[in-house]
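Enquirer: One structure, as structure tokens, below. Some questions next.
Residue numbers (my numbering): 7 to 277.
In structure tokens form, the structure reads like this:
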């Protein structure tokens, strides 16, 4: 069939239109297909977003290692590290917790007297001493015939209730002793009696002083000396060289020529 000029033009136009239609169709298909290739990109950004907290986590408050519960210095359990002063006084470096445990041990006075002084014992956390054991020792010392029992018609009973106690015997670390004895300066070495509070320095309770060679005797002296202050007694001097030291002599510091003596009464006076 022979097309006329007009027919050829119509066919050409149709071919061009067909080509354009095919091209548009292909473009539309390609355009619709592009989002299918994009999901990996959002996935990567999501992962990066989730990972963002990771570098900051170690610096966040929740992830910081917690400091020890006690910001204050930790108490040691025993005077294992000892140092010696120029006077030969042993010091442990012990720092107590500042909190005290009260004894639960109780016992009546050793004898019936007109006046019974009741006491309770408290031991600071970190000090290697059991409150009940200390209470038993204090009771035995105070009710010993050589002790203060019978002084002005008095005897001594251990109680478990601080509210009932006439005085409290504390065994405290050196720093706590300093605070409890203030304004009296004890230099972390000595003990004191402050009104109804008798404060026994744990270093002395555990390590005594060079003036004594028996820990039990020294503890008896500590207790009797400080309870003597509670009873109204003051410091005295050595009466003469070689004599038994009065219990109110500051025997922890110096014997002044006397012999060590832990008791208010000599054995002959106590019999």
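From the three backbone atoms N, C-alpha and C, an ideal C-beta is built for every residue, glycine too.
Once the 5 residues before and after residue 120 are set aside, which same chain residues still bring their CB inside 8 angstroms of it?
Expert: Position 114 of the chain shown, counted from the first residue, corresponds to residue 120. So the list reads 159 and 160, once near-sequence residues are dropped.
Enquirer: Considering Cα atoms alone, identify which of 225, 103, 10 and 199 is closest to residue 211.
Expert: Counting from 1 along the chain shown, the entry for residue 211 is found at position 205. Taking only the C-alpha atoms, the option nearest residue 211 is 225.
Enquirer: Excluding sequence positions up to five away, which residues of its chain have a Cβ less than 7 angstroms from the Cβ of residue 187?
Expert: For the purposes of this step, residue 187 is taken as the residue at position 181 of the chain shown. 198, 200 and 205.
Enquirer: Measure the beta-carbon distance from residue 219 to residue 97 and round it to whole angstroms, keeping in mind my assumption that it falls under 8 angstroms.
Expert: Taking the chain shown and counting its residues from 1, the one referred to as residue 219 is at position 213. Taking the chain shown and counting its residues from 1, the one referred to as residue 97 is at position 91. Between residue 97 and residue 219 the Cβ distance is about 19 angstroms, and since that is not below 8 angstroms, they are no contact.
Enquirer: Checking 8 angstroms against the spacing of the C-beta atoms, do residue 128 and residue 107 come in under that value?
Expert: As a working note, residue 128 is residue 122 in the chain shown. As a working note, residue 107 is residue 101 in the chain shown. Yes. Within cutoff.
Enquirer: At 4 residues or longer, what runs of the alpha helix (DSSP H) sit wholly inside the stretch 206-274?
Expert: Segments of the alpha helix (DSSP H) lying fully in the stretch 206-274: 208-213 and 221-236.
Enquirer: Runs of 3 residues minimum, wholly inside the stretch 140-191: which ones carry the beta strand (DSSP E) assignment?
Expert: You should have 160-164 and 173-178.
Enquirer: Determine which residues share a DSSP beta bridge with residue 200 and list them.
Expert: Start at 1 with the first residue of the chain shown, and residue 200 comes out as number 194. DSSP lists 203 as partners of residue 200.
Enquirer: When you compare each of 20, 254, 102 and 155 to residue 235 by their alpha carbons, which one comes out closest?
Expert: In the chain shown, residue 235 corresponds to position 229, counting from 1. It is 254 whose Cα lies nearest to the Cα of residue 235.
Enquirer: So residue 270 packs on residue 153, CB below 8 angstroms; how close in whole Å?
Expert: The residue labelled residue 270 in the question sits at position 264 within the chain shown. The residue labelled residue 153 in the question sits at position 147 within the chain shown. Indeed, because the Cβ distance is near 6 angstroms, the residues count as touching under 8 angstroms.
Enquirer: Look up residue 25 in the DSSP assignment and say whether it is helix, strand or coil.
Expert: Looking up residue 25 in the chain shown gives position 19. Correct three-state label for residue 25: helix.
Enquirer: Taking just the CA atoms, how far does residue 230 sit from residue 262?
Expert: In the chain shown, counting from the first residue as 1, residue 262 sits at position 256. In the chain shown, counting from the first residue as 1, residue 230 sits at position 224. So the two alpha carbons sit approximately 19 angstroms from each other.
Enquirer: Would you decide whether residue 19 is buried or exposed? Buried here means 16 or more other CB atoms lie within 10 Å of its CB.
Expert: Counting from 1 along the chain shown, the entry for residue 19 is found at position 13. Exposed, since its Cβ has fewer than 16 Cβ neighbours within 10 Å.
Enquirer: Could you compute how far the alpha carbon of residue 81 sits from the alpha carbon of residue 181?
Expert: Position 75 of the chain shown, counted from the first residue, corresponds to residue 81. Position 175 of the chain shown, counted from the first residue, corresponds to residue 181. Low confidence applies here, because residue 81 scores a pLDDT of 38, under 50, leaving its location unreliable; read the following figure in that light. Spanning the two alpha carbons is a distance of roughly 11 angstroms.
Enquirer: How big is the Cα-Cα spacing for residue 114 and residue 167?
Expert: As a first step, residue 114 must be located in the chain shown, where it is residue number 108. As a first step, residue 167 must be located in the chain shown, where it is residue number 161. So the alpha carbons of these two residues sit roughly 13 angstroms apart.
Enquirer: Whole angstroms is fine: what's the gap from residue 173's alpha carbon to residue 162's?
Expert: Position 167 of the chain shown, counted from the first residue, corresponds to residue 173. Position 156 of the chain shown, counted from the first residue, corresponds to residue 162. About 10 angstroms.
Enquirer: For the beta strand (DSSP E) holding residue 133, just list the boundary residues, first then last.
Expert: For the purposes of this step, residue 133 is taken as residue 127 along the chain shown, with counting starting at 1. Where residue 133 is concerned, there is no enclosing beta strand (DSSP E), given that its DSSP letter is neither H nor E.
Enquirer: Among residues of its own chain, excluding the 5 on either side of residue 223, which ones have a beta-carbon nearer than 8 angstroms to its beta-carbon?
Expert: The residue given as residue 223 occupies position 217 in the chain shown. Cβ neighbours of residue 223 beyond the five flanking positions: 266 and 268.
Enquirer: With a cut-off of 8 angstroms on the beta carbons, I'd call residue 165 and residue 112 a contact; round off their distance for me.
Expert: As a working note, residue 165 is residue 159 in the chain shown. As a working note, residue 112 is residue 106 in the chain shown. Contact holds; Cβ gap of about 5 angstroms.
Enquirer: Do residue 258 and residue 215 have their beta-carbon atoms positioned less than 8 angstroms apart in this structure?
Expert: The residue labelled residue 215 in the question sits at position 209 within the chain shown. The residue labelled residue 258 in the question sits at position 252 within the chain shown. Contact: yes.
Enquirer: What separation, rounded to the nearest whole angstrom, lies between the Cα atoms of residue 184 and residue 99?
Expert: Residue numbering aside, residue 184 sits at position 178 when the chain shown is read from its first letter. Residue numbering aside, residue 99 sits at position 93 when the chain shown is read from its first letter. Residue 184 and residue 99: Cα-Cα distance of roughly 13 angstroms.
Enquirer: Who pairs with residue 122 in a beta bridge, going by DSSP?
Expert: Position 116 of the chain shown, counted from the start, is the residue given in the question as residue 122. Partner(s): 161.
Enquirer: Which residue from 157, 264 and 101 puts its Cα closest to that of residue 245?
Expert: As a first step, residue 245 is located in the chain shown; it is residue number 239 there, counting from the start. Selected option, being the one with the closest Cα: 264.
Enquirer: Just verifying my parser: in three-state terms, what is the DSSP assignment at residue 127?
Expert: Sequence index remark: in the chain shown, residue 127 carries index 121 (1-based). In the structure shown, residue 127 sits in a strand (DSSP, three-state: E or B).
Enquirer: Out of 24, 22, 130 and 195, which has the shortest C-alpha to C-alpha gap to residue 228?
Expert: Translated into the one-based positions of the chain shown, residue 228 becomes position 222. The shortest C-alpha separation from residue 228 is found at 195.
Enquirer: Out of 149, 105 and 122, state which residue places its alpha-carbon closest to the alpha-carbon of residue 132.
Expert: In the chain shown, the residue the question calls residue 132 occupies position 126. When only C-alpha atoms are compared, the closest one is 105.
Enquirer: Identify every residue that forms a DSSP beta bridge with residue 113.
Expert: For this step, residue 113 is matched to residue 107 along the chain shown. Its beta-bridge partners are 164.
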